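Peer 1: In mature numbering (1 follows the signal peptide of the UniProt record, and there is no 0), the protein residues as written are -36 to -1, 1 to 394.
Note that beta-carbon positions come from the ideal geometry of N, C-alpha and C, so glycine has one too.
None of these values were measured; they are calculated from a predicted model.
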Ligand SMILES: [Cu+2]
C-alpha cells in the first residue's frame, strides 16, 4: 500500500538502527538519558540531582532579565526531548521548576482515502530523520550535535533567540510618555525528515514565562499521491489534473509538569456560562472543577484548563500554575485518541506516545484514561490539521504550523517584565 512513503534514505537509516539494536549499542549513544527503543520507560519523573553535561545544557538569559534553563536529549523515536525546564524571571532568587519533560508524543497521519495511516514517531522512527542544520538556519544561535548510532553526528538542534514583537504598551494618562517593550524568546528547534515531509519542531521560551510549541510541516507533497481519479484530493496541475491526496497531520505532545519541583499537581477545568438578562447585559458565571480522575477532554468555548502546583506559591500567596492555551485545530474523528483535544493521565513510565505505544497495554492515550486518581498528572495535547493541498503547496512546500502554548498564571505576583515605574502597582490600582 505504501509506495507513497519509504525513500531510500529512510530505509538505510532504519536498517542501521536495527543492526545497532541487535548488538546492544544503541541505547548509550544518543544522549545522556536516551533510549533507542523509545517506548521503554524513561528516567523516573522524580527530580534528579545530577545536572546534565555542558553539551546537553541549554541556558539563556533574555533581554528582559528572564533566564530559562533546561537539559535536552534525543531519541530515535521522539526526536528532541527537553528535560528539567526551569524559569527564573528577574527578581526570583531561584529557578522555578516548570516541566520535568516536554516532547512530541506522536504525529499521526491518516490519508483521506483510507488506504494508509502512519504513526510517524513510533512507526517511522521520526528521530532518525534529524536534519543537519546550517549556521544560516540558526541565526545568532548555537548548533548542538545530535549523535545517533552508526551515523555521523549532525548539527541537529538549534538554540537561538527570536524577537516576538510587543511585550506590552501603555501610554501615560497625560500623553507625555509610553511604557513599551519588545519581547524575546529563547527558541530551540529541530528539523526531522519523514519521507517527503520535513517537520520543524519549535519550542519557544518567552521572557514573560510563556512556553509555545509548534510543529511546522514543509518539504514536499508525496509524489506517489497525485491520483486524479479517486475523489480524495485537490488538483495541483492544469485544470483537474494531478490531485494531491488529502490527509491529516494529528500532532500530539506529552508534558510532564514538575511545578516547583514536585510531580504532584492539581488539574483544574474552568467553564463559563453566559445567560441573558432581560433588558440588560448577559451575565457570565464561571465554575471551577478540580479534575480528580483521569480525563479525556474537548476544547469548548468558554473552557480552559490549568495545571496547579501543590508545592509552591507566588509572593501573593497564590498557587503557581500554567494554563493550557490550545491552538486552533481540526480534530480528526477517525480514531479514539484523535477525538479529544487533551488528556490528563496518571503518570505511568511506559505511557510515552499517544498512539502506537507498542510496549504499553492499550497502546494509545485514550485507553489510559480509565478512572485512576490523578496524583501525578501527565498532560497530552492533540492538535490536528486537515491538509487539503493547494497549488502553493508544491515544492518546497510553505510551512504550515500547528501548536499550543502554556501560559504562566500566578507564577509571579506581577509580570516579570513590569517596568520599575509600575513595580508598586500590585493589587488594587493606585
Ligand atoms: Cu500535509
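Based on the DSSP secondary-structure assignment, which residues constitute the bridge partners of residue 197?
Peer 2: 209, per the DSSP bridge assignment.
Peer 1: Which first and last residues belong to the beta strand (DSSP E) in which residue 169 is found?
Peer 2: Unbroken beta strand (DSSP E) run through residue 169: 161 to 170.
Peer 1: Considering residue 399, what are the terminal residues of the beta strand (DSSP E) in which it resides?
Peer 2: The structure shown does not extend to residue 399, since the chain is modelled only from -36 to 394, so the question has no answer here.
Peer 1: So, does the region 65 to 82 touch the region 236 to 245, judging by three or more C-beta pairs under 8 Å?
Peer 2: No, the region 65 to 82 is not in contact with the region 236 to 245.
Peer 1: Taking residue 269 as the reference, which of 275, 295, 296 and 236 has the closest Cα?
Peer 2: Closest option to residue 269, Cα to Cα, is 236.
Peer 1: Beta-carbon separation of residue 215 and residue 179 under 8 Å?
Peer 2: Going by C-beta atoms, residue 215 is nearer than 8 Å to residue 179.
Peer 1: Could you give the distance in angstroms between the alpha-carbon of residue 279 and the alpha-carbon of residue 391?
Peer 2: For residue 279 and residue 391, the distance between alpha carbons rounds to 12 Å.
Peer 1: Measuring only the C-alpha atoms, how far is residue 130 from residue 171?
Peer 2: About 12 Å.
Peer 1: Residue 303 by DSSP, collapsed to three states: which one?
Peer 2: Note: residue 303 maps to coil in three-state DSSP.
Peer 1: Whole-angstrom Cβ separation of residue 317 and residue 63, contact assumed at under 8 Å?
Peer 2: Wrong, their Cβ atoms sit about 18 Å apart, outside the cutoff.
Peer 1: Please report the straight-line C-alpha distance between residue 165 and residue 156, rounded to a whole angstrom.
Peer 2: Cα-Cα distance, rounded: 8 Å.
Peer 1: Leaving out five residues on either side along the sequence, give the residues of the same chain with a beta carbon under 6 Å from the beta carbon of residue 386.
Peer 2: Around residue 386: no qualifying Cβ.
Peer 1: For residue 368, which of helix, strand or coil comes out of DSSP?
Peer 2: In this structure, residue 368 counts as strand in the three-state DSSP scheme.
Peer 1: Go through its chain and collect everything with a Cβ distance to residue 277's Cβ below 6 Å, but skip five positions before and after it.
Peer 2: Answer for residue 277: 283, listed in chain order.
Peer 1: Less than 7 Å separating the Cβ of residue 340 from some heavy atom of ligand 1?
Peer 2: Not under cutoff, so the answer is no.
Peer 1: Alpha carbon to alpha carbon, how far is residue 22 from residue 379? Give it in angstroms, no decimals.
Peer 2: In a straight line, the C-alpha of residue 379 is about 23 Å away from that of residue 22.
Peer 1: Mind checking whether the beta-carbon of residue 72 lies closer than 7 Å to any heavy atom of ligand 1?
Peer 2: It does not: the Cβ of residue 72 is nowhere closer than 7 Å to a heavy atom of ligand 1.
Peer 1: Tell me the residue span of the beta strand (DSSP E) that contains residue 234.
Peer 2: Residues 229 to 239.
Peer 1: Would you mind working out which of 203, 73, 93 and 25 sits nearest residue 113, comparing C-alpha positions?
Peer 2: The option with the nearest alpha carbon to residue 113 is 93.
Peer 1: Among 68, 18, 49 and 75, which has the Cα closest to the Cα of residue 186?
Peer 2: Out of 68, 18, 49 and 75, 75 has the C-alpha closest to the C-alpha of residue 186.
Peer 1: According to DSSP, residue 124 sits in a beta bridge with which residue or residues?
Peer 2: The partner list for residue 124 (beta bridge, DSSP) reads 151.
Peer 1: Name the DSSP bridge partner or partners of residue 74?
Peer 2: Looking at the DSSP assignment, residue 74 forms a beta bridge with 81.
Peer 1: Just the Cα atoms here: how many angstroms apart are residue 65 and residue 220?
Peer 2: Cα-Cα distance, rounded: 5 Å.
Peer 1: May I ask you to report which of helix, strand or coil DSSP gives residue 12?
Peer 2: Because the pLDDT of residue 12 is 43, which lies under 50, any placement of that residue in the model is unreliable, and the question is left without a value.
Peer 1: Does the distance between the C-beta of residue 350 and the nearest non-hydrogen atom of ligand 1 fall short of 7 Å?
Peer 2: It does not: the Cβ of residue 350 is nowhere closer than 7 Å to a heavy atom of ligand 1.
Peer 1: For residue 37 versus residue 210, is the C-beta distance shorter than 8 Å?
Peer 2: No; because the gap between Cβ atoms is not below 8 Å, this pair is not in contact.
Peer 1: CB of residue 359 to nearest heavy atom of ligand 1: below 7 Å?
Peer 2: Outside the cutoff, so no.
Peer 1: Can you say whether residue 159 is buried or exposed, counting buried as having 16 or more other CB atoms within 10 angstroms of its CB?
Peer 2: It is buried - the Cβ of residue 159 has at least 16 other Cβ atoms within 10 Å.
Peer 1: Examine ligand 1 and report whether any of its heavy atoms sits within less than 7 Å of the Cβ of residue 229.
Peer 2: No, the Cβ of residue 229 stays beyond 7 Å of every heavy atom of ligand 1.
Peer 1: Could you tell me which residues DSSP pairs with residue 224 in its beta bridges?
Peer 2: Bridge partners of residue 224: none, in fact.
Peer 1: Using three-state DSSP, classify residue 387 as helix, strand or coil.
Peer 2: Correct three-state label for residue 387: coil.
Peer 1: Using a Cβ-Cβ cutoff of less than 6 Å, which residues in the same chain neighbour residue 72 once the five nearest sequence positions on both sides are dropped?
Peer 2: Result list for residue 72: 83, 214 and 319, in chain order.
Peer 1: Our contact map puts residue 125 next to residue 149 with C-beta atoms below 8 Å; I'd like the distance itself, whole angstroms only.
Peer 2: About 7 Å; that satisfies the 8 Å criterion.
Peer 1: Name the DSSP beta bridge partners of residue 378, please?
Peer 2: None, per the DSSP bridge assignment.
Peer 1: So is residue 168 buried or exposed if we call it buried at 16+ other beta carbons inside 10 Å?
Peer 2: Result: buried.
Peer 1: Is there at least one non-hydrogen atom of ligand 1 closer than 7 Å to the beta-carbon of residue 181?
Peer 2: Result yes, Cβ under 7 Å from ligand 1.
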